[in-house]
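In what follows, a single structure is set out as structure tokens and then discussed.
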Amino acid sequence: MKKIILFGAGKYGNSVLRKGNLQKERLLFCDNDIHLQNSEIEGIKVIHFKRMKELYEQDKIDKIIVTPQRADFIDAIVFQCIAGNIDKNDLYYYSTESGALKNIWEKPNYKIYSHDGEEVYLRQRFYGRETGRYIDVGANHPFRWSNTYWAYKQGWRRINIEPNCNNYRLLNYFRNEDINLNCGIGSEETELDYYEFSDSALNTFCCEEVNEVKDEVLNVKKVPVRRLDSVCRQYGFKKVDYIDIDVEGMEMQVLDSIDWSETLFECILVEQRRMTLSDVLVSDVCQFLMSKGYHPISKYNRTVIYERKENK
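Numbering-wise (this note's numbering), the sequence shown opens with residue 5 and increments by one.
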């Protein structure tokens, strides 16, 4: 008898278990939380993703039910499965409206892709501009928490830079009209240790950042790092509408890798976490960008937006 997987063993997984009218003996939970793995909930074993993938490859799984309700969690699970070569048609969700299982692709999606609403500013800032260029440094996911996916959907194109191999594959699959580079960006062209966590949004080259993450390092590997001026020269970038920098502690190294005499940016987004407005103004990033003619004009939670002075 083939198994049915409830992906997500939290409260929504338990809710689907109660409401889904499923045969308990066929069920397994799957969860990315290492603290839940190899435990049991309501007498049902919780397995990790690798084990679920093994069962799937052995044709021992009938369907996988994605249990979370939040769109960003759903997307993370769906594309983890796709990256693991699981057929999207085997992914389902429990519809509370109909009380039935439906294919995950029938679930309505959310409209805002950026983590903290940054795209609201960007849409207004570039309103009416049908095409444009962006650079996404630390792109992570094709659209989960992305500050460039809104622009891609609108017809804009250019470069996503992502050192994580799985996310790089997803970018090539879902944003194949962009240029996707599987590397990091730093002040020197070299190789650096890259620390990977269960949530790839936390991955970093910065060893100081590792101590701030309340999660276990899953893997450390050497990853090639390029300078951004080298990338811009390779693709002939003299003018970029906006650049998004989300690099978990490597912000200054990225900024130092730009040849400011060669490439002009209209707008620069930098993740500066755990900072008040006062902290931002005296930060190394802000002082450096102001020396280049870019001033902070808005802050969306962890992201600070800079523009050239004449655009203020």
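Note that beta-carbon positions come from the ideal geometry of N, C-alpha and C, so glycine has one too. Source: prediction; values computed, not measured.
In the displayed model, ARG230 falls within a strand according to three-state DSSP. The three-state secondary structure of VAL308, taken from DSSP, is strand. The bridge partners DSSP lists for TRP149 are SER118. An exposed status is given to TYR239, since fewer than 16 other beta-carbon atoms sit within 10 Å of its beta-carbon.
The beta carbon of ILE90 sits closer than 8 Å to the beta carbons of LYS57, TYR60, ILE68 from its chain, once the five residues preceding and following it are set aside; these are given in chain order. When secondary structure is reduced to three states using DSSP, LYS242 falls in the coil class, being assigned neither helix nor strand.
DSSP places TYR97 in the uninterrupted beta strand (DSSP E) bounded by 95 to 99.
Contact between TRP149 and ALA205 holds: CB atoms are separated by about 7 Å, below the 8 Å threshold. With contacts defined by Cβ atoms closer than 8 Å, LYS7 and LEU32 form a contacting pair. Contact between GLU166 and ASN180 fails: their C-beta atoms lie close to 14 Å from each other, not under 8 Å. Rounded to the nearest angstrom, the gap between the Cα atoms of THR71 and LEU40 is 15 Å. Burial is judged here by how many other beta carbons sit within 10 angstroms of a residue's own beta carbon; ARG74 has fewer than 16 and is exposed. Excluding five sequence positions before and after VAL244, the CB atoms of its chain that fall closer than 6 Å to its own CB belong to ARG137, ILE139, PHE269, given in chain order.
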